Amino acid sequence: MKSSITNSQDFPLRHELDKADELLDTDPELASEHFEKILRRSKNRSPRALYGKARAMDILADKNRSNKFLEKAISTYEAVIDLGESVPVDLYLRAGYRCVERMQFRGWSNKAIPLLKTMIKRLPHQLDLLNKLGTQFLLIGQKKAASEMFEAVLLQQPLNNYAAKHLGFILKTSGKNEDLPRGVDLLLQGVQGDPDPPEGKFYYHLGEGLRRLGREEEANMMYHSGVEKGLFLSFWQRSLYNVDHLKGQPVWTKEETGESQGLNLLEKYWESVRDEALALLKDNQQGFEPEAENLQDKGDWKQFELYRQGRRLSGCDKAPNTCALIEQIPSIRTNKRGQVKFSVMYPGTHVHPHSGPTNCRLRAHLGLKVPKGDLKIRVAKETLEWREGKIFVFDDSFDHEVWHNGDAERVVLIVDLWHPELDEETKKYLPAI
Ligand code: OGA
Ligand code: MN
322 MKSSITNSQD FPLRHELDKA DELLDTDPEL ASEHFEKILR RSKNRSPRAL YGKARAMDIL
382 ADKNRSNKFL EKAISTYEAV IDLGESVPVD LYLRAGYRCV ERMQFRGWSN KAIPLLKTMI
442 KRLPHQLDLL NKLGTQFLLI GQKKAASEMF EAVLLQQPLN NYAAKHLGFI LKTSGKNEDL
502 PRGVDLLLQG VQGDPDPPEG KFYYHLGEGL RRLGREEEAN MMYHSGVEKG LFLSFWQRSL
562 YNVDHLKGQP VWTKEETGES QGLNLLEKYW ESVRDEALAL LKDNQQGFEP EAENLQDKGD
622 WKQFELYRQG RRLSGCDKAP NTCALIEQIP SIRTNKRGQV KFSVMYPGTH VHPHSGPTNC
682 RLRAHLGLKV PKGDLKIRVA KETLEWREGK IFVFDDSFDH EVWHNGDAER VVLIVDLWHP
742 ELDEETKKYL PAI
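Residue numbers (our numbering): 322 to 754.
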């Protein structure tokens with residue numbers, strides 16, 4: 322078994338190397354000493370000894386939770402790659418893949434890119450390397466470079482699941498309508514017969530993409546299949562960052578949220594909230610940003626953020642009365658899985674059906690300016706309409722869709738409450754969204 326990692330130079334040393342390998346799990350320090358001895362003799366050119374030393378450092382890094390060992394492990398794996406052609410392919414790949422993993426763990430994703438490029442130069446047909454490089458580009462937001470990698474893989478192997486689903490995901494979420502058909506086809510191809518564990522984000526965007534293309538039945542099948550695979554909470558509730566066993570219901574009464582006091586306060590002073598929102602709009606829509614998640618089908622929809630992830634933003638300087646009210650409602654102010662924002666929507670807007678990211682929040686809309694006409698939001702199978710000075714509450718992890726066919730802009734204040742069944746301890750440890 323070890324022949325695939327042993328080159329001609331290591332061959333005479335194989336028994337010594339095997340012995341040091343055996344020590345790795347029980348006594349990594351001693352193993353490391355053995356490997357170093359071999360390295361000194363081989364003038365640092367024994368691939369297996371160098372790899373063994375990296376493994377020892379790697380194990381010690383975990384054991385001692387030590388960045389010093391971790392960094393030493395990384396640089397030693399890199400040294401294996403630097404040996405180039407003399408390293409047997411199996412060993413070369415093992416060292417390289419582990420190095421990328423450890424770089425990521427250390428927060429050094431940017432270092433993984435040149436490493437993978439070096440490896441690809443030696444092994445251009447090793448498609449996993451190209452996929453890994455594509456993934457690293459995605460991690461740092463370089464979608465174009467990532468796409469080029471996945472395209473290159475598909476050129477060599479048109480049925481590669483990994484490249485197909487990742488390229489499909491990039492195209493589906495690009496925001497360009499012309500990318501959608503190919504994005505959906507690739508996603509479909511990527512998840513079918515995929516050997517990797519299924520991931521919610523691919524099923525979510527595949528279903529959404531199919532629906533946008535009018536392929537409703539296939540979309541529904543994807544959603545059902547996502548529920549079967551445990552990726553979605555239910556057919557209608559498709560958030561991906563969830564806490565188990567929270568009550569899931571599309572529409573809530575104020576009382577059911579456990580925060581009717583805070584919500585009543587907002588309703589009581591709604592006119593001062595409205596005045597601030599309208600003044601900002603009048604002032605050249607100052608601070609209102611176009612919705613950027615590619616949710617709009619057509620129209621014009623902008624938002625002005627006041628709080629994000631439980632933090633007060635500088636936007637509050639321009640809406641001091643609204644924020645003074647929010648400060649009095651801790652379950653909104655501290656919601657690190659939510660936002661507070663003004664939302665303005667112009668006539669002729671349609672928002673595609675979508676689900677929010679998490680089941681940990683409930684979303685309240687306070688109507689500030691509601692024109693006449695056909696304006697509504699559908700949440701799962703229920704439809705709601707805004708009224709000035711009135712709040713409704715829904716769970717935005719449920720599929721929802723918005724239409725504005727009225728005769729003037731519609732303005733609301735959106736606030737996110739913690740789900741009432743979450744306890745303080747859980748909220749404290751949940752990562753922000
Ligand atoms: C939402 C949403 C659209 C709007 O609040 O999650 O999609 O009407 N709202 O502002
Ligand atoms: Mn929404």
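Glycine included, every Cβ here is placed at the ideal spot set by N, Cα and C.
Quick caveat, the model's predicted, so the values are computed rather than measured.
Close-in-space but distant-in-sequence residues of the same chain around glutamate 537 (CB under 8 angstroms, 5 per side omitted): Taken in chain order, the residues that qualify are Leu531.
Separation of asparagine 388 from leucine 552, as counted between CA atoms: In this structure, the CA atom of leucine 552 is about 35 angstroms from the CA atom of asparagine 388.
Cβ separation of leucine 437 and glutamine 463, assumed to be a contact under 8 angstroms, to the nearest whole Å: Contact check for leucine 437 and glutamine 463: beta-carbon distance about 13 angstroms, past the 8 angstroms limit, so the pair fails to qualify.
Tyrosine 398 and glycine 428 closer than 9 angstroms at C-beta: No. Outside cutoff.
Beta strand (DSSP E) runs contained entirely in the region 588-662, provided each spans 3 or more residues: Within the region 588-662, the runs of beta strand (DSSP E) that reach at least 3 residues and sit entirely inside it are, in chain order, 617-619, 622-629.
Cβ neighbour criterion (16 or more within 10 Å) applied to aspartate 744: Exposed, since its Cβ has fewer than 16 Cβ neighbours within 10 Å.
Other residues of its chain near glutamate 588: CB distance less than 8 angstroms, five sequence neighbours each side excluded: Closer than 8 angstroms at the Cβ level, and outside the excluded window around glutamate 588, lie Leu687, Gly710, Lys711, Ile712.
Any non-hydrogen atom of the ligand OGA within 8 angstroms of arginine 423 CB: Checking every heavy atom of the ligand OGA against the Cβ of arginine 423, none is found closer than 8 angstroms.
Test item: CB-CB of phenylalanine 663 and leucine 734 under 9 angstroms: For phenylalanine 663 and leucine 734, yes; Cβs fall inside 9 angstroms.
Pair within 9 angstroms by beta-carbon distance, aspartate 449 and asparagine 482: Pairing aspartate 449 with asparagine 482 gives a Cβ-Cβ distance that is not under 9 angstroms.
Lysine 497 - DSSP class collapsed to helix/strand/coil: Under the three-state reduction of DSSP output, lysine 497 falls in the coil class, being neither helix nor strand.
Same chain, Cβ closer than 7 angstroms to glutamate 626, neighbours up to 5 away in sequence not counted: Counting only Cβ-Cβ distances below 7 angstroms, and skipping sequence neighbours, we find Leu634, Gly636, Gln660, Lys662.
Aspartate 728 versus histidine 675: straight-line alpha-carbon distance, rounded: Cα-Cα distance, rounded: 25 angstroms.
Outcome for lysine 493 when other beta-carbon atoms lying within 10 angstroms are tallied against a minimum of 16: Under this definition lysine 493 is a buried residue.
Beta-carbon spacing of glycine 504, leucine 488 below 9 angstroms: In this structure, leucine 488 lies closer than 9 angstroms to glycine 504 by Cβ.
Distance cut 6 angstroms, beta-carbon to the ligand MN heavy atom: residue list by chain order: Those residues are His675, Gly677, Asp717, His721, given in chain order.
Supposed contact pair proline 571 and glutamate 703 - C-beta distance, whole angstroms, cut 8 angstroms: Correct: roughly 6 angstroms between the Cβ atoms.
Residues near alanine 382 in its chain [Cβ-Cβ closer than 7 angstroms; skip 5 each side]: For alanine 382, where only same-chain residues beyond five positions count, the Cβ hits under 7 angstroms are Phe390, Leu391, Ala394.
Arginine 684 and aspartate 720 closer than 9 angstroms at C-beta: Between arginine 684 and aspartate 720, the C-beta gap is not smaller than 9 angstroms, which leaves the two residues out of contact.
Straight-line gap, leucine 404 to arginine 443 (C-alpha atoms, nearest Å): Going by the C-alpha atoms only, they are around 11 angstroms apart.
Any non-hydrogen atom of the ligand OGA closer than 8 angstroms to serine 664 Cβ: Taking 8 angstroms as the cut-off, the C-beta of serine 664 counts as close to a heavy atom of the ligand OGA.
Proximal residues to isoleucine 491 (C-beta, below 6 angstroms), its chain only, five neighbours per side dropped: So the qualifying residues of the chain are Lys464, Ser468.
Spatial neighbours of alanine 370 in its chain, beta-carbon cut-off 6 angstroms, leaving aside the 5 residues before and after: Cβ contact annotation for alanine 370 (same chain, cutoff 6 angstroms, sequence separation greater than five): Phe356, Ile359, Leu360, in chain order.
Neighbourhood of proline 678 by C-beta distance below 6 angstroms, restricted to the same chain and skipping five residues each side: Contacts found: Ser560, Tyr562, Ile754.
Same chain, Cβ closer than 8 angstroms to tyrosine 524, neighbours up to 5 away in sequence not counted: Hits under 8 angstroms: Val512, Met543, Tyr544, Ser546, Gly547, Lys550, Leu552, Phe553.
Isoleucine 735 beta carbon near the ligand OGA (any heavy atom closer than 8 angstroms): Answer for isoleucine 735: yes, Cβ within range of the ligand OGA.
Pairwise C-alpha distance: leucine 476 and asparagine 328: Within the model, the alpha-carbon separation for asparagine 328 versus leucine 476 is close to 33 angstroms.
Residues bridged to arginine 682 (per DSSP): Paired residues: Trp739.
Residue range of the unbroken beta strand (DSSP E) whose run includes leucine 696: Looking at the DSSP string, the run of the beta strand (DSSP E) that includes leucine 696 is 694-700.
Leucine 381 (DSSP reduced to helix, strand or coil): In the structure shown, leucine 381 adopts helical secondary structure according to DSSP, grouped into three states.
Spatial distance of lysine 749 from serine 430 (CA atoms): Cα to Cα, lysine 749 sits roughly 28 angstroms from serine 430.
Extent of the continuous alpha helix (DSSP H) run through glycine 669: Under the DSSP assignment, glycine 669 falls outside any alpha helix (DSSP H); it carries neither an H nor an E label.
Check: arginine 682 C-beta below 8 angstroms from any heavy atom of the ligand OGA: Incorrect: arginine 682 has no Cβ contact closer than 8 angstroms to the ligand OGA.
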